[in-house]
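What follows is a set of notes on a single structure, which appears directly below.
Numbering (mature numbering (1 follows the signal peptide of the UniProt record, and there is no 0)), first residue to last: -31 to -1, 1 to 130.
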């Protein structure tokens, strides 16, 4: 009887080990598959988006916006905004409703998002490396942007690499 009990116990341990590894593998595989089935993407531009702000200590506020493109198809709202802004600056946060946006045969695509930003032109002169972010609640993608606070002309600032 004692030998039979050990055999049954060993069989149960073996069976539970096999089942645990089988279920564990399935859970990992399905999580991996879920991340690979995401069908939208925040497009990266050839050059980092740039905004040039003429520095002014007189309390002026600068306001503008950055554009971006989300390609693919999404079935839930995609929330978006900006982070890493200059001190005292703010950005709008909004969402893209479920939809799609694909490249045309000639490679073109519709710009389907923009983020408004504003803030004091009196912040220290430098290049602030901000980021547009887009999120479906599970995955967040970012797009680098530069806010350049300078005394240069707008044309010279925008022409710099």
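No residue lacks a Cβ here, since even glycine has one placed at the ideal position from N, Cα and C.
Helix, strand or coil: which one does DSSP assign to residue i?
i	result
residue 123	helix
residue 57	coil
residue 128	helix
residue 10	strand
residue 24	coil
residue 30	strand
residue 118	strand
residue 19	strand
Starting from residue i, trace the beta strand (DSSP E) both ways and give me its first and last residue.
i	result
residue 82	82 to 89
residue 78	Where residue 78 is concerned, there is no enclosing beta strand (DSSP E), given that its DSSP letter is neither H nor E.
residue 194	Any property of residue 194 remains undetermined from this structure, which presents the chain solely from -31 to 130.
residue 72	Counting along the chain, residue 72 falls outside any beta strand (DSSP E), and DSSP gives it neither H nor E.
residue 39	39 to 43
Counting only the same chain and skipping the five closest in sequence on each side, list residues whose C-beta sits under 7 Å from that of residue i.
i	result
residue 66	46
residue 56	92
residue 26	91
Once you ignore the five residues that flank residue i on each side, which residues in its own chain have a CB closer than 6 Å to its CB?
i	result
residue 118	22, 24, 92 and 94
residue 96	115 and 117
residue 105	45 and 47
residue 111	100 and 102
residue 129	none
residue 33	20
residue 72	78
residue 126	21, 117 and 119
Output yes if chain D places a C-beta closer than 8 Å to the C-beta of residue i; else output no.
i	result
residue 34	Here there is only one protein chain, and chain D is not present.
Within 7 Å: the Cβ of residue i and any heavy atom of the ligand MG?
i	result
residue 23	In the structure on display, the ligand MG does not appear, and there are no ligands present to speak of.
Under the assumption that residue i contacts residue j (Cβ atoms under 8 Å), give the Cβ distance between them as a whole number of angstroms.
i	j	result
residue 9	residue 41	4 Å
residue 54	residue 77	At roughly 30 Å, the Cβ-Cβ gap does not stay under 8 Å, so residue 54 and residue 77 are not in contact.
residue 86	residue 58	6 Å
residue 43	residue 68	7 Å
Who are the Cβ neighbours of residue i in its own chain at under 8 Å, not counting the five residues just before and after it?
i	result
residue 80	36, 37 and 38
residue 64	46, 47, 48 and 49
Report the start-end ranges of each beta strand (DSSP E) in the stretch 89 to 115 that is 3 residues or longer and not cut off at the edges. 96 to 104
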